[in-house]
Each structure stands twice: as C-alpha cells, then as structure tokens.
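In order, the protein sequence lines correspond to chains A and B. Anchor point for the first sequence: position 17 equals 9 in our numbering, and the numbering is continuous, going up by one each time. Anchor point for the second sequence: position 51 equals 43 in our numbering, and the numbering is continuous, going up by one each time. Think of the CB as a built atom: it goes at the ideal place given N, C-alpha and C, for glycine as much as any other residue. All values reported here derive from a predicted model rather than from experimental measurement. Single-structure report; data block below.
Number of protein chains: 2
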Amino acid sequence: MLRYAILELLHHKPLSGYDLRRRFGGSIVFFWKANHSQIYPELKRMENEGLLSAKRVPHEWRPTKKVYAITPKGQRDLEAWLRRRPKLQSVKDEMMLRCFAFHLVPADEADAQIRHHRDLHEERLRHYIAIRKDLERKHGRLLETADPILFWNVLTLRQAIAHERTYIAWCRWALRRHQAFRDRMERGHAHLAG
Amino acid sequence: MLRYAILELLHHKPLSGYDLRRRFGGSIVFFWKANHSQIYPELKRMENEGLLSAKRVPHEWRPTKKVYAITPKGQRDLEAWLRRRPKLQSVKDEMMLRCFAFHLVPADEADAQIRHHRDLHEERLRHYIAIRKDLERKHGRLLETADPILFWNVLTLRQAIAHERTYIAWCRWALRRHQAFRDRMERGHAHLAG
DNA sequence: ATAAACATGTAAACAGTTACATGATTCT
DNA sequence: AGAATCATGTAACTGTTTACATGTTTAT
Chain A
-7 MLRYAILELL
3 HHKPLSGYDL
13 RRRFGGSIVF
23 FWKANHSQIY
33 PELKRMENEG
43 LLSAKRVPHE
53 WRPTKKVYAI
63 TPKGQRDLEA
73 WLRRRPKLQS
83 VKDEMMLRCF
93 AFHLVPADEA
103 DAQIRHHRDL
113 HEERLRHYIA
123 IRKDLERKHG
133 RLLETADPIL
143 FWNVLTLRQA
153 IAHERTYIAW
163 CRWALRRHQA
173 FRDRMERGHA
183 HLAG
Chain B
-7 MLRYAILELL
3 HHKPLSGYDL
13 RRRFGGSIVF
23 FWKANHSQIY
33 PELKRMENEG
43 LLSAKRVPHE
53 WRPTKKVYAI
63 TPKGQRDLEA
73 WLRRRPKLQS
83 VKDEMMLRCF
93 AFHLVPADEA
103 DAQIRHHRDL
113 HEERLRHYIA
123 IRKDLERKHG
133 RLLETADPIL
143 FWNVLTLRQA
153 IAHERTYIAW
163 CRWALRRHQA
173 FRDRMERGHA
183 HLAG
C-alpha cells in the first residue's frame, strides 16, 4: 500500500526519500504514515520493478540527493490500483480492546484511560483543524475550489476531522455512562446494606 | 496485541484455538480480527512464555481439542498492559488514500468507488445493529445493565456503530460535494465556450 | 560548542494475510 | 455423494516499527 502513496506523491513531482518522508507529515498524514526506514527500501524495490527512475542530484554544499521520478509503468500501476474495488479493511483498535477488558481494572483507572485517550484525540483534532486553516489561508473557501487535487484533499481532511470528533464524543459519552453505572452500583449496595 | 485479546477471552473461561477463532467472529470483531493461522502459533508462544497452560481434551467421537487456560502470570501480564498509557495509533485508511488520488480517474469511477465503499459500510453497520438487537433480546435494556463485562462490551459496540455511521455520512456528503464540483466545472466550461 | 535540520541507509523484531495441508464428523 | 463444520497446524509473503549507524550543513 505504501507504494501507492509514494506513486501518488511522485505523480505531482520528483522527490527524494527525504522529501517524501516530510510529505508523510503533511496532508497525507490523515490516513497514512511512514517512517524513513520503510521509505528508502521501498523506493529501491520500486526502482528495480521499473515503477520509478532515480537520479543523483549533487548540491554544491549539501549532501547529494537521490531524486525519484514516476515512470509510465508506475503511472499505469497507480491507475490500475485506483480502479480496483477493495474489500473493507478489518478494524484494529487498541483502545477498544482495552475498553473491552476494563472490567478487570478499578473504575478510576478506566476513567483515567478514557480521559487520556480523549486528550490525545483532541490534540490530533486541533492539529487537523490547524492544517485546514492553513489551506483556507492559501486557497480561500475550500469547498468552492476548482482544483481537483485540492478538492479531493479537502474531502479526506473532512473525513479525518469527522473521525476525530466522533471519537472524542464517544469518550465523553463513555465517561458519563460510566459515572451513571458507578452510581447505580453504589445505590444497589446501599440498598442491600440498609 | 493479539495476545491481550486472547488473554481477555481466556480470562472468562478456557478455550481451544478453534473456539477462540470463533470468538473473533463475535463481539470482539468490532475492534479486532484474527485468522486461525495467527492464533495457533501465538497460543504456542504464549504457552512457552508461561502465560497459558494447555490440556489435551479427548472427545469420544470428535477430534481431540487442545484447551488453553490463562495462568496467574498471564493474568498479571494482562492487567499490567491495561494500566499502560498507549500512544495514539497512526491511521491507515486505504479508502482515504484512494480518495486522495481520485483526481487521476474519471469522475464516474470515483463516484462508483465511493458508492461501493458506502455499501460495504452499510452492510457492516447492519451486522453490528443485528448483534446489538441480539444482546438486547438476551439482556434487556443494555445501558441499564449491572454486569460490568456487558457494560464495557456495550460501550465498544456503541463506538463501532458510531464509527460506521460517521463513515457512511461522509460517503453521502462526498457524493453530494462531488456532484456540486462537477456541476461547477461544467458551468465553467459552458461559460468559456459561450 | 551544540542543537536542529539535511540526507540515507541497514538490521532485528514484530504483526498480519494468504495459501497450503490434512483429516474426522455431521448434515442434506 | 457432497457440503459444511469441527479441528489444527505450517510456509511464504507482505507490511510495519524500533533501534542502530553515519555524516554534513546551518543556525544559535
């Protein structure tokens, strides 16, 4: 999958491994992330398969860059992948796995975990909104753009933001529900004791 | 991570690899999935590490089962894991990666992809809601339960359902937005032509 | 001086999917 | 007779993370 993200990025313009790695901290981070230790070997493999062509570009004072460009074969591969109908990805959610097992820890510990998780998602949401503000400053009203690249990027950003908001709302709801559950249990015990 | 899912399931009662695999088609499927080819080797590893104990249980007519039970060490490991504060998982979303590249395919193909994806999520949502109905039939009003295990399970189910609904709503919104984008582009061209 | 950014790689471990492989029992 | 379910494994491949490893340039 990483290779398709790389092909899409190189479709815009040739980039080095280092440049690509920085791109994975930008707009694409909403739905894909990659470390340099995964990027460099993948670029080599893709070059061997004829999807990319590499060129060493020396720079007077700075280290020489190895710049990769997409080949016609790479273009065809990317477009063929876009036309496939993929299956649904299976969900892997560590927080929900923990939540499923929270009956094994004290109630306060469960609350602390949920609050911590909510804070992390709130931070990520703020980051996404900052990126959106940035795009708005540069391009004006995003949903009225005439640029297809920006248009699709804005749609993915919207999905990322909606996803974070849903997660945060769930955390808040779960904390309220848990409080109600604890109150109920306490009253139950009081009743039995009294 | 799989091991903690297994430990949680074995905390309730001892199970064979085959039983565990079926559990991964039940309530836990909302946030974790595992194939038998991953389960069997993992069980062996966990037994070697002293987290589980195995017992061969022969059955008059059916194949002998190898039933695993959680050990005190396994219990401690599970509880220690529950008290850790994990980092946010990085998002990996194939559909959004595709969407990011949809400027490379014809608009109708992009629409077909989004509709297909919406259908898949709608099916998954129906499946989750069927599971919830089942739980309601068995246990009555789920949010008023006094059983901590059921309580936390219901919270994870709610998150799974909210997640699917957000995704479906995004697909519908994206289709509307894309139609508006296409209309705008057409009017733009008409204007230039006229 | 030293920290941050530029620049590129490898190695080991961990995680997950798909395909291969076998054989009994039960239901239609 | 054939399909479904029970039951357990291995092999090959693909993907991802963390740590190791090195060296330059630029800004403070």
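Item checked: According to DSSP, residues forming a beta bridge with SER8(B) -> Per DSSP, the beta-bridge partners of SER8(B) are VAL59(B).
Notebook entry, point to check: So, using beta-carbon positions, are LEU147(A) and ARG169(B) closer together than 8 Å?
Noted result: Annotated as proximal: LEU147(A) and ARG169(B), with beta-carbon spacing under 8 Å.
Notebook entry, point to check: Any idea which residues DSSP pairs SER45(B) with across the strands?
Noted result: When DSSP reads this structure, SER45(B) sits in a beta bridge with ALA61(B).
Note to self: Taking 8 Å as the threshold (beta carbon to beta carbon), is GLY9(B) in contact with chain A?
What the structure shows: No - not a single Cβ of chain A is within 8 Å of the one on GLY9(B).
Next item on the list: Over the uninterrupted alpha helix (DSSP H) stretch that includes ILE31(A), give me the two end residues.
Entry: Secondary structure note for ILE31(A): its alpha helix (DSSP H) is the uninterrupted segment 28 to 40.
Checklist line | MET88(B): first and last residue of the uninterrupted alpha helix (DSSP H) it sits in | finding: MET88(B) -> alpha helix (DSSP H) spans 86 to 92.
Note to self: So that I know if they touch, is there some Cβ in chain B lying closer than 8 Å to that of ASN27(A)?
What the structure shows: In terms of beta-carbon proximity, ASN27(A) stays away from the interface with chain B, with every pair separated by 8 Å or more.
Next item on the list: Evaluate LEU1(A) with the Cβ neighbour count: other Cβ atoms within 10 Å of its Cβ, from every protein chain shown; 16 or more gives buried, anything less gives exposed.
Entry: Under the 10 Å beta carbon count, LEU1(A) is surrounded by 16 or more other beta carbons and is classified as buried.
Next item on the list: Establish whether the CB of MET88(B) and some CB of chain A are separated by less than 8 Å.
Entry: At least one chain A Cβ lies under 8 Å of MET88(B).
Check: Around the Cβ of GLY186(B), are there at least 16 other Cβ atoms within 10 angstroms (buried) or fewer (exposed)?
Finding: Reliability of the predicted coordinates at GLY186(B) is poor, the pLDDT of 49 falling under 50, and the value obtained from them is presented with this limitation in mind. Exposed, by the Cβ-count rule.
Margin query: Check for me: the alpha helix (DSSP H) holding HIS51(B) runs from which residue to which?
Written below: Where HIS51(B) is concerned, there is no enclosing alpha helix (DSSP H), given that its DSSP letter is neither H nor E.
Checklist line | Contact list for THR63(B) against chain A, beta-carbon separation under 9 Å | finding: Within 9 Å Cβ-Cβ: nothing; THR63(B) doesn't reach chain A, min ~15 Å.
Margin query: Please confirm whether HIS95(A) has its beta-carbon closer than 8 Å to some beta-carbon of chain B.
Written below: It does; some Cβ of chain B falls within 8 Å.
Checklist line | Cβ neighbours of ASN27(B) in the same chain (closer than 8 Å, five flanking residues each side left out) | finding: Cβ within range, chain order: ARG13.
Notebook entry, point to check: Got a sec? Which residues, its chain only, sit under 7 Å from LYS65(B) by beta carbon, not counting five neighbours each side?
Noted result: The beta carbon of LYS65(B) lies closer than 7 Å to those of GLY42 and LEU43 in the same chain, with the five residues before and after it left out.
Item checked: Burial state of ASP69(A), where buried means 16 or more other Cβ atoms lie within 10 Å -> Buried, since its Cβ has 16 or more Cβ neighbours within 10 Å.
Margin query: Distance check for LYS58(A) and ARG48(A), CA to CA, integer angstroms please.
Written below: Rounded to the nearest angstrom, the two C-alpha atoms are 4 Å apart.
Check: At what residue ranges does the segment 95 to 172 of chain A contain a whole run of the alpha helix (DSSP H), taking only runs of 4 or more?
Finding: The segment 95 to 172 of chain A contains these whole alpha helix (DSSP H) runs: 99 to 131.
Check: Thinking C-beta only, is CYS163(A) closer than 8 Å to ARG118(A)?
Finding: Result no, Cβ atoms of ARG118(A) and CYS163(A) do not sit closer than 8 Å.
Item checked: is_contact[ASP85(A), chain B] using C-beta, thresh 8 Å -> Proximity of ASP85(A) to chain B, defined by a Cβ-Cβ separation below 8 Å, is satisfied.
Check: Taking DSSP as the reference, what is the three-state secondary structure of VAL83(B)?
Finding: It is coil, neither helix nor strand.
Margin query: Rounding to the nearest angstrom, what Cα-Cα distance links MET87(A) and HIS108(A) in this structure?
Written below: Going by the C-alpha atoms only, they are around 11 Å apart.
Check: Of all the options LEU80(A), LEU135(A) and ALA122(A), which has the alpha carbon lying nearest to the alpha carbon of ILE160(B)?
Finding: Ranked by Cα distance from ILE160(B), the first of LEU80(A), LEU135(A) and ALA122(A) is LEU80(A).
Notebook entry, point to check: List, in order along the chain, the chain B residues whose C-beta lies closer than 7 Å to that of GLU114(A)?
Noted result: Ordered by position in chain B, no residue passes the 7 Å Cβ test against GLU114(A), which lies about 11 Å from the chain.
Margin query: Tell me the DSSP secondary structure of GLY180(B) in three-state form.
Written below: In the structure shown, GLY180(B) sits in a helix (DSSP, three-state: H, G or I).
Note to self: I want to see whether chain A comes within less than 8 Å of GLY186(B), judged by CB atoms only; does it?
What the structure shows: Low local confidence applies: a pLDDT of 49 at GLY186(B) is under 50, so the model's placement there is unreliable, with the coordinate-based value given in what follows. GLY186(B) does not count as touching chain A.
Check: Taking PHE23(B) as the reference, which of VAL83(A), HIS113(A) and ALA182(A) has the closest Cα?
Finding: Relative to PHE23(B), the option among VAL83(A), HIS113(A) and ALA182(A) whose CA is nearest is VAL83(A).
Margin query: Counting only beta-carbon separations shorter than 8 Å, does ILE20(B) have a partner in chain A?
Written below: ILE20(B) counts as touching chain A.
Checklist line | Cβ-Cβ distance between GLU39(A) and ILE(-2)(A) below 8 Å | finding: Cβ atoms of GLU39(A) and ILE(-2)(A): not closer than 8 Å.
Next item on the list: Report buried or exposed for GLY18(B), applying the criterion of at least 16 other Cβ atoms within 10 angstroms of its Cβ.
Entry: For GLY18(B), the number of other beta carbons within 10 angstroms of its own is below 16, and it is reported as exposed.
Next item on the list: Using a Cβ-Cβ cut-off of 8 Å, state whether ASN145(A) counts as contacting chain B.
Entry: Residue-level contact by beta carbon holds for ASN145(A) and chain B, with a gap shorter than 8 Å.
Note to self: Helix, strand or coil, according to DSSP, for GLY186(B) in the structure here?
What the structure shows: Since pLDDT at GLY186(B) reaches only 49, below the 50 mark, its modelled position is unreliable, and no value is offered.
Check: What whole-angstrom Cβ distance do PRO98(A) and TYR60(A) have, given they're in contact under 8 Å?
Finding: Their Cβ separation, rounded to whole angstroms, is 53 Å, which puts PRO98(A) and TYR60(A) out of contact at 8 Å.
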